[in-house]
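Chains as they are written, first to last, in the working numbering: chain A, 59 to 444; chain B, 59 to 444.
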């Protein structure tokens with residue numbers, strides 16, 4: 059991770075436990091309720107979530123970002139606090155959640171393990187970004203515990219999952235509503251995205267495997283989706299736009315997007331501090347804008363505060379797999395942690411962390427997307443946000 | 059339909075376009091903001107949705123219901139309006155949406171058409187209520203138009219669906235939150251349900267068929283889910299509790315529920331006024347309480363305002379199919395409307411209505427669940443709420 063963290067090129071937004079909107083600024087936070095030099099009023103910054111700011115629209119986001127760059131370094135003491143020790147909550151009210159399956163390497167890995175002998179990609183995979191809806195009520199912020207879920211593991215057998223897994227993903231937060239009955243093309247969808255978070259899409263592989271035909275993942279994934287507390291504005295990531303993988307067949311009309319459509323964000327998966335894999339979101343076959351265009355293609359629209367995520371990001375090389383299922387060959391080859399213990403799946407007490415950052419590029423210093431980290435407590439245990 | 063409509067045994071709740079909570083009372087509505095004799099305060103009744111009332115909990119719901127029965131007939135003029143002409147909005151803020159697949163006859167019909175030669179039921183079907191998450195942002199109230207959705211119909215082909223369908227369902231509105239990390243068993247889940255609505259789960263069969271492997275329905279269903287405007291309290295339906303179909307194998311622990319677990323609500327599907335089918339929810343294999351228990355079994359919890367629906371309800375006899383796909387044999391045998399026109403699928407301009415009621419039973423007069431009705435406008439057309 060070669061980045062300057064939360065510097066002037068970054069300026070991500072979060073919300074503290076008093077409902078104040080904050081901006082991360084080097085080792086400090088700026089409390090925008092007390093900040094000077096911003097046009098947007100304090101009612102927006104004290105509203106308990108970013109949604110009121112989303113509703114002001116892209117022009118206000120750009121103005122605020124520009125003003126923050128100018129005034130971040132000279133805020134009064136009452137607007138500044140050390141970042142360590144600030145309690146961050148989930149920074150936006152989540153409307154709907156969609157999760158895609160946009161990494162070709164991940165989709166191929168899963169098909170090879172789950173449906174051996176069949177086509178490595180589902181029929182529609184190259185023609186549209188396959189996805190499903192998740193559960194908004196269980197989107198939790200980094201620092202909140204995850205209890206091992208119970209469920210029906212196979213016919214007649216109920217119990218705690220023995221195959222608890224994680225999925226390394228990047229998530230996109232919708233800032234501008236697309237009304238019901240309207241749609242946006244991939245060429246214009248980016249303007250509806252406010253920013254980016256890191257996502258851990260927790261998965262119970264045994265529950266998922268038994269339940270998913272024919273309606274897809276349900277309880278195997280609905281128990282928890284962890285997100286990072288700092289929403290990095292999409293504008294901050296402009297230096298990391300890169301060409302996406304070649305798409306063949308060419309996408310249908312609404313999915314066509316001019317290059318560069320990719321985004322080179324690095325993601326690292328750690329269990330109890332041991333790095334297990336590193337991958338870049340640049341390899342995603344379907345871009346964020348293509349995912350968002352797809353969500354609206356049928357007139358469903360999206361609302362400010364909706365979250366959509368890439369699905370697990372895996373690369374082609376060993377050490378770039380975005381889930382334990384892929385890293386361990388469906389549990390057969392456990393990974394070894396720094397303390398010598400082995401894991402086929404996540405154990406009770408484990409802390410799983412995904413870190414995200416961008417490497418220096420084209421004159422831009424690197425930046426940090428922070429981390430999303432959760433600890434697993436035993437089935438039925440109390441879940442706290444720390 | 060042999061029922062007394064909205065009489066003293068019913069007392070369903072709705073919300074008008076001024077954000078006032080109403081109760082349907084015979085041919086009138088009672089505006090609870092102006093009603094007399096209720097303990098619950100006017101701030102709750104003027105809050106724009108039923109969610110504030112949900113938050114007061116089951117004791118307040120019971121007290122209010124009891125008070126309404128006593129005072130409904132003697133409200134002052136300013137609390138009473140003719141029901142015709144009242145503009146009703148979606149009566150609750152929807153959190154998460156889940157849709158089940160709880161009718162054995164429907165699941166069997168679909169499997170026979172879509173996966174001929176394979177098992178008529180998916181592997182897990184008899185062991186748990188299979189379901190998926192839907193889109194809360196497109197839950198619309200009766201009277202709102204549905205625009206024909208476009209999508210990828212098959213590889214490389216984009217356009218308006220040519221196989222627009224409907225699904226006759228019953229929906230359940232969660233009134234009492236189950237916190238994340240907790241679960242409720244089927245034996246105790248009913249107390250978390252506030253009431254019942256009629257649901258039309260619009261479906262584009264070509265979009266759905268192309269996209270659904272392996273993650274389930276997505277854009278084929280996300281464009282619209284219509285609900286009836288009157289939420290009938292679960293308490294009003296006590297006389298229509300009936301034994302459910304025998305369950306073999308016996309359900310696992312958290313899905314066990316004492317009889318009578320079924321609910322005998324009649325549902326009739328009409329297109330442009332022509333009745334096409336009639337079915338009872340009494341035949342559902344998995345009950346509402348079993349569905350809700352399943353939703354929480356993994357610790358996901360539910361929130362007040364969450365909506366879960368049964369999935370299409372079909373019976374075993376001809377004329378009890380809950381979708382056009384089933385009524386027409388996947389489009390092969392069109393139905394004939396009263397004007398002589400034929401339909402394999404829904405046409406632009408069609409008005410699709412589902413009516414719900416309970417027949418007189420055990421001394422209780424019948425009651426009405428009202429209707430959910432939407433008109434289809436052409437792809438890209440403006441969607442209005444009438």
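Glycine included, each C-beta is placed from N, C-alpha and C at the ideal position. These numbers come from a predicted model, not from an experiment.
ask   = Alpha carbon to alpha carbon, what distance is there between residue 228 of chain A and residue 388 of chain A?
value = Approximately 23 angstroms, taken between the alpha carbons.
key: residue 415 of chain A - containing beta strand (DSSP E), residue span   = Taken as a continuous stretch (DSSP letters only), the beta strand (DSSP E) holding residue 415 of chain A covers 409-416.
ask   = Roughly how many angstroms lie between the CA atoms of residue 393 of chain A and residue 217 of chain A, to the nearest whole one?
value = Straight-line Cα distance between these residues: approximately 25 angstroms.
ask   = Helix, strand or coil for residue 92 of chain B per DSSP?
value = Under the three-state reduction of DSSP output, residue 92 of chain B falls in the coil class, being neither helix nor strand.
request  = List the residues of chain A whose Cβ lies closer than 7 angstroms to the Cβ of residue 193 of chain B, in chain order.
outcome  = The answer, in chain order, is 154, 191, 358.
message = In this structure, how does DSSP classify residue 326 of chain A when only helix, strand and coil are distinguished?
response = Note: residue 326 of chain A maps to strand in three-state DSSP.
query = How is residue 116 of chain B classed by DSSP in three states: helix, strand or coil?
reply = DSSP places residue 116 of chain B within a helical segment (H, G or I) once states are collapsed to three.
ask   = Are residue 358 of chain B and residue 244 of chain B close, meaning C-beta to C-beta below 8 angstroms?
value = Going by C-beta atoms, residue 358 of chain B is not nearer than 8 angstroms to residue 244 of chain B.
ask   = residue 312 of chain B versus chain A: which residues are under 8 angstroms apart at the beta carbon?
value = Neighbours of residue 312 of chain B in chain A, taken as residues whose beta carbon is under 8 angstroms from its own, are 216 in chain order.
key: DSSP-derived helix/strand/coil call for residue 367 of chain B   = Residue 367 of chain B: strand per DSSP, three-state reduction.
task = Mind checking the segment 65-78 of chain B against chain A and listing, in chain order, the residues whose C-beta falls within less than 9 angstroms of any C-beta there?
result = Along the segment 65-78 of chain B, there is no position whose C-beta sits under 9 angstroms from a C-beta of chain A.
Run of the alpha helix (DSSP H) containing residue 263 of chain A, from where it starts to where it stops = Where residue 263 of chain A is concerned, the enclosing alpha helix (DSSP H) stretches over 263-269.
ask   = Nearest-angstrom Cα distance between residue 347 of chain A and residue 433 of chain B?
value = The straight-line gap from Cα to Cα measures roughly 31 angstroms.
task = Would you list the one or two residues that DSSP bridges to residue 394 of chain B?
result = Within the DSSP bridge table, the entry for residue 394 of chain B names B/400 as partners.
query = What span of residues does the alpha helix (DSSP H) with residue 352 of chain B cover, start to end?
reply = Segment 346-354, the alpha helix (DSSP H) holding residue 352 of chain B.
key: First through last residue of the alpha helix (DSSP H) which encompasses residue 169 of chain B   = In the DSSP assignment, residue 169 of chain B falls within the unbroken alpha helix (DSSP H) covering 162-172.
query = At a CB-CB cut-off below 7 angstroms, which residues of chain A make contact with residue 273 of chain B?
reply = The contact set of residue 273 of chain B on chain A, defined by CB atoms closer than 7 angstroms, consists of 159, 188, 189, 190, 274, 275 in chain order.
message = Check this for me: beta carbons of residue 372 of chain B and residue 167 of chain B, under 8 angstroms apart or not?
response = For residue 372 of chain B and residue 167 of chain B, yes; Cβs fall inside 8 angstroms.
ask   = Between the Cα of residue 196 of chain A and the Cα atoms of B/240, B/209, B/335, which residue gives the shortest distance?
value = If you compare the alpha carbons of B/240, B/209, B/335 with that of residue 196 of chain A, the shortest gap goes to B/240.
task = Going by DSSP, name the residue or residues bridged to residue 228 of chain A.
result = DSSP output for residue 228 of chain A lists A/256 as bridge partner(s).
Bounding residues of the alpha helix (DSSP H) (the contiguous stretch that carries residue 100 of chain A) = Per DSSP, the unbroken alpha helix (DSSP H) holding residue 100 of chain A starts and ends at 100-103.
task = Name the residue from B/95, B/295, B/201 whose alpha carbon lies nearest to the alpha carbon of residue 68 of chain B.
result = The residue with the shortest Cα to Cα distance from residue 68 of chain B is B/295.
request  = Find the residues of chain B that neighbour residue 281 of chain A, judging by a C-beta separation of less than 7 angstroms, and give them in chain order.
outcome  = Per Cβ cutoff of 7 angstroms: 356, 357, 358.
query = When the Cα of residue 262 of chain B is compared with those of B/315, B/251, B/425, B/281, which residue comes out closest?
reply = Answer by Cα proximity: B/281.
message = When you compare the segment 197-204 of chain A with the segment 317-325 of chain A, are there three or more beta-carbon pairs, one atom per stretch, that lie closer than 8 angstroms?
response = Verdict: no, contact absent.
key: Cβ shell of residue 179 of chain B (< 7 angstroms), same chain only, five flanking positions each side left out   = Taking C-beta separations shorter than 7 angstroms and ignoring five residues to either side along the sequence, the partners of residue 179 of chain B in its chain run 165, 166, 169, following chain order.
task = Scan the segment 157-185 of chain A for residues whose Cβ lies nearer than 7 angstroms to a Cβ of chain B and list them as they occur along the chain.
result = So the list reads 159, 180, 181, 182, 185, given in the order they occur along the chain.
query = The beta strand (DSSP E) spanning residue 385 of chain A covers which residue range?
reply = Careful: residue 385 of chain A lies outside any beta strand (DSSP E), inside the alpha helix (DSSP H) at 382-385.
query = Any idea which residues DSSP pairs residue 7 of chain B with across the strands?
reply = Any answer about residue 7 of chain B is impossible in this case: the structure gives chain B only from 59 up to 444.
ask   = CB-CB under 8 angstroms to residue 293 of chain B, same chain, minus the five flanking residues each way: which ones, in chain order?
value = So the list reads 119, 120, 123, once near-sequence residues are dropped.
query = Three or more C-beta pairs closer than 8 angstroms, one from the segment 284-292 of chain B and one from the segment 327-343 of chain B: is that the case here?
reply = Contact annotation: the segment 284-292 of chain B does not touch the segment 327-343 of chain B, with fewer than three C-beta pairs closer than 8 angstroms.
task = Consult DSSP for residue 341 of chain B and reduce its assignment to one of helix, strand or coil.
result = Helix at residue 341 of chain B.
message = Distance cutoff 8 angstroms, beta carbons only. Does residue 304 of chain B sit that close to anything in chain A?
response = So no, residue 304 of chain B is outside the interface.
query = How is residue 206 of chain B classed by DSSP in three states: helix, strand or coil?
reply = The answer is coil: DSSP assigns residue 206 of chain B none of H, G, I, E or B.
ask   = Mapping DSSP to helix, strand and coil, what is residue 111 of chain A?
value = Correct three-state label for residue 111 of chain A: helix.
request  = My understanding is that residue 396 of chain B touches residue 336 of chain B, with C-beta atoms under 8 angstroms, so please give their C-beta distance in whole angstroms.
outcome  = In fact, because the Cβ distance is near 16 angstroms, the residues do not count as touching under 8 angstroms.
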